[in-house]
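Shown next, in structure tokens, is the structure this report addresses.
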Amino acid sequence: MIEILNPAELARARGAGTLVATILQTLRTRSTVGTNLLDIDQWAQAMIVDAGAQSCYVDYAPAFGRGPFGHYICTAVNDAVLHGKPRDYRLADGDLLTLDLAVSLDGIAADSAISFVVGGTQPAESLAMIETTERALRAGIAAARPGARIGDISHAIGAVLSAAGYPINTEFGGHGIGSTMHQDPHVPNTGRPGRGFTLRPGLLLALEPWVMVDTAELVTDADGWTLRSATGCRTAHSEHTIAITDGEPEILTLPTPA
Numbered sequence: 271m272i273e274i275l276n277p278a279e280l281a282r283a284r285g286a287g288t289l290v291a292t293i294l295q296t297l298r299t300r301s302t303v304g305t306n307l308l309d310i311d312q313w314a315q316a317m318i319v320d321a322g323a324q325s326c327y328v329d330y331a332p333a334f335g336r337g338p339f340g341h342y343i344c345t346a347v348n349d350a351v352l353h354g355k356p357r358d359y360r361l362a363d364g365d366l367l368t369l370d371l372a373v374s375l376d377g378i379a380a381d382s383a384i385s386f387v388v389g390g391t392q393p394a395e396s397l398a399m400i401e402t403t404e405r406a407l408r409a410g411i412a413a414a415r416p417g418a419r420i421g422d423i424s425h426a427i428g429a430v431l432s433a434a435g436y437p438i439n440t441e442f443g444g445h446g447i448g449s450t451m452h453q454d455p456h457v458p459n460t461g462r463p464g465r466g467f468t469l470r471p472g473l474l475l476a477l478e479p480w481v482m483v484d485t486a487e488l489v490t491d492a493d494g495w496t497l498r499s500a501t502g503c504r505t506a507h508s509e510h511t512i513a514i515t516d517g518e519p520e521i522l523t524l525p526t527p528a
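Structure follows, in structure tokens:
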């Protein structure tokens, strides 16, 4: 299903995007050395409930997962990159943490992810990888103009990731979003320009470049959800929900300046 939102629905999408961005930035501030991943999940739950929103994750049960996800946020540490199921783990100095959050507010969903290094130890390789995913995300957003195609976005993202030397996995990528979290079209993190669905105003997309240092192969944790790099290398993931407009794309999950 591909949804095209009307102006009233787009206004509600802005509210959902602002909420997601606010929660993620609050959790980033709270995620320090010694913080338990289960506490992050509880904080996310409290902020979602207080806002009158609904989690897109807690009852999420797609074919690739093992039963309902059962948590309110994805917390991926170091070699974990996607669908990181919160567990009893306390963050250590130098850990690379990815927080991925999707909520629905007033019937419209928004989805975003941030990666950052915890504590005072900031490994250069990890920082470079995070910066590359952020730069690839900006490139993908810049390509998201009305009349362009999904392949144009994928090509823009993939060009940045490939130039930095990272292998690219195309099994998981960006996606359409609207009244539900995951919709068509699929937005791979590399592709051929001029191919795929034609972008039009009112379309919402969640773009999410993610990479692993030295592999494109994923393995699934024993929890049935958490996806890790096959080699144990570190990973990074950046994501925004955007709206296609008559001109430049609108980033719905951009943090509000302090």
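Numbering (my numbering), first residue to last: 271 to 528. Ideal placement from N, C-alpha and C gives every residue a C-beta, glycine not left out.
Beta carbon of S508 nearer than 9 Å to that of P458: Counting from 1 along the sequence shown, the entry for residue 508 is found at position 238. Counting from 1 along the sequence shown, the entry for residue 458 is found at position 188. Cβ distance not < 9 Å, so S508 and P458 don't count as in contact.
Beta-bridge partners of H507, as assigned by DSSP: As a first step, residue 507 is located in the sequence shown; it is residue number 237 there, counting from the start. Per DSSP, W480.
Completely contained beta strand (DSSP E) runs for the stretch 335 to 397, where each covers 3 or more residues: 344 to 347, 350 to 352, 366 to 375, 378 to 387
Cβ-based neighbour list, L524, same chain, cut-off 8 Å, excluding 5 preceding and 5 following: Position 254 of the sequence shown, counted from the first residue, corresponds to residue 524. Cβ neighbours of L524 beyond the five flanking positions: G287, A291, H510.
H425 - containing alpha helix (DSSP H), residue span: What you label residue 425 is simply residue 155 of the sequence shown in a count that begins at 1. Here the alpha helix (DSSP H) through H425 covers 420 to 433.
A398 burial status per 10 Å Cβ neighbour count (16 or more: buried): Position 128 of the sequence shown, counted from the first residue, corresponds to residue 398. A398 comes out exposed.
Separation of A350 from R344, as counted between CA atoms: As a first step, residue 344 is located in the sequence shown; it is residue number 74 there, counting from the start. As a first step, residue 350 is located in the sequence shown; it is residue number 80 there, counting from the start. The sequence shown places Cys at residue 344, rather than the Arg named in the question. Whole-angstrom Cα-Cα distance: 10 Å.
T460, buried or exposed, once every other Cβ within 10 Å from all chains shown has been counted against 16: Here residue 460 refers to the residue found at position 190 when the sequence shown is read from its first residue. T460 is buried by the Cβ-count criterion.
Alpha-carbon spacing of W313 relative to L367, whole angstroms: As a working note, residue 313 is residue 43 in the sequence shown. As a working note, residue 367 is residue 97 in the sequence shown. Looking at the two C-alpha atoms, the distance is approximately 16 Å.
For T490: DSSP bridge partner residues: Along the sequence shown, read from residue 1 onward, the residue named residue 490 stands at position 220. DSSP lists L497 as partners of T490.
Neighbourhood of I272 by C-beta distance below 8 Å, restricted to the same chain and skipping five residues each side: By 1-based counting over the sequence shown, the position of residue 272 is 2. Hits under 8 Å: G446, Q453, D454, P455, F467, L473.
Closest Cα partner of N348 within the set G340, G364, P356, H341: The residue you call residue 348 lines up with position 78 of the sequence shown. Nearest option by C-alpha distance: G364.
Secondary structure of P455, DSSP reduced to three states: If you number the sequence shown from 1, residue 455 lands on position 185. Reduced to three states, the DSSP call for P455 is strand.
Outcome for V373 when other beta-carbon atoms lying within 10 angstroms are tallied against a minimum of 16: Within the sequence shown, the letter at position 103 stands for residue 373. Buried is the call here.
Residues that Q312 bridges to, as DSSP identifies them: Taking the first residue of the sequence shown as position 1, residue 312 is located at position 42. None; Q312 has no bridge partner.
Within 9 Å, strictly: CB atoms of A449 and A379: Indexing the sequence shown from 1 puts residue 449 at position 179. Indexing the sequence shown from 1 puts residue 379 at position 109. It should be noted that the sequence gives Ser, not Ala, for residue 449. The answer is yes: Cβ separation under 9 Å.
Supposed contact pair T403 and P479 - C-beta distance, whole angstroms, cut 8 Å: The residue given as residue 479 occupies position 209 in the sequence shown. The residue given as residue 403 occupies position 133 in the sequence shown. Confirmed, about 5 Å.
Residue-level contact to chain D via CB, P356, 9 Å cutoff: Here chain D cannot be found, since the structure has a single protein chain.
Where E273 sits in the DSSP three-state scheme: Your numbering for residue 273 matches position 3 in the sequence shown. Residue state, collapsed to three classes: coil.
Whole-angstrom distance between G410 and I427, CA atom to CA atom: If you number the sequence shown from 1, residue 427 lands on position 157. If you number the sequence shown from 1, residue 410 lands on position 140. The alpha-carbon atoms of I427 and G410 are separated by roughly 5 Å.
Classification of D329 by the beta-carbon crowding that lies within 10 angstroms, buried from 16 upward: Counted from its first residue, the sequence shown places residue 329 at position 59. Exposed.
Close beta carbons around N306, own chain, < 6 Å, minus the five adjacent residues each side: Counting from one through the sequence shown, the residue named residue 306 turns up at place 36. Correct list, in chain order: R360.
Distance between G443 and D320 (C-alpha atoms, nearest Å): For the purposes of this step, residue 320 is taken as the residue at position 50 of the sequence shown. For the purposes of this step, residue 443 is taken as the residue at position 173 of the sequence shown. The alpha-carbon atoms of D320 and G443 are separated by roughly 30 Å.
I438, DSSP secondary structure in three states: Taking the sequence shown and counting its residues from 1, the one referred to as residue 438 is at position 168. Reduced to three states, the DSSP call for I438 is coil.
Terminal residues of the beta strand (DSSP E) in which G444 lies: Here the question's residue 444 lines up with position 174 in the sequence shown. G444 -> beta strand (DSSP E) spans 444 to 446.
Beta-carbon spacing of L375, G322 below 9 Å: For the purposes of this step, residue 375 is identified with residue 105 of the sequence shown, where counting begins at 1. For the purposes of this step, residue 322 is identified with residue 52 of the sequence shown, where counting begins at 1. For L375 and G322, yes; Cβs fall inside 9 Å.
Distance CB(L436)-CB(V489) smaller than 9 Å: Residue mapping note: residue 436 aligns to position 166 of the sequence shown, counting from 1. Residue mapping note: residue 489 aligns to position 219 of the sequence shown, counting from 1. Reading off the sequence, residue 436 comes out as Tyr, not Leu. For Y436 and V489, no; Cβs fall outside 9 Å.
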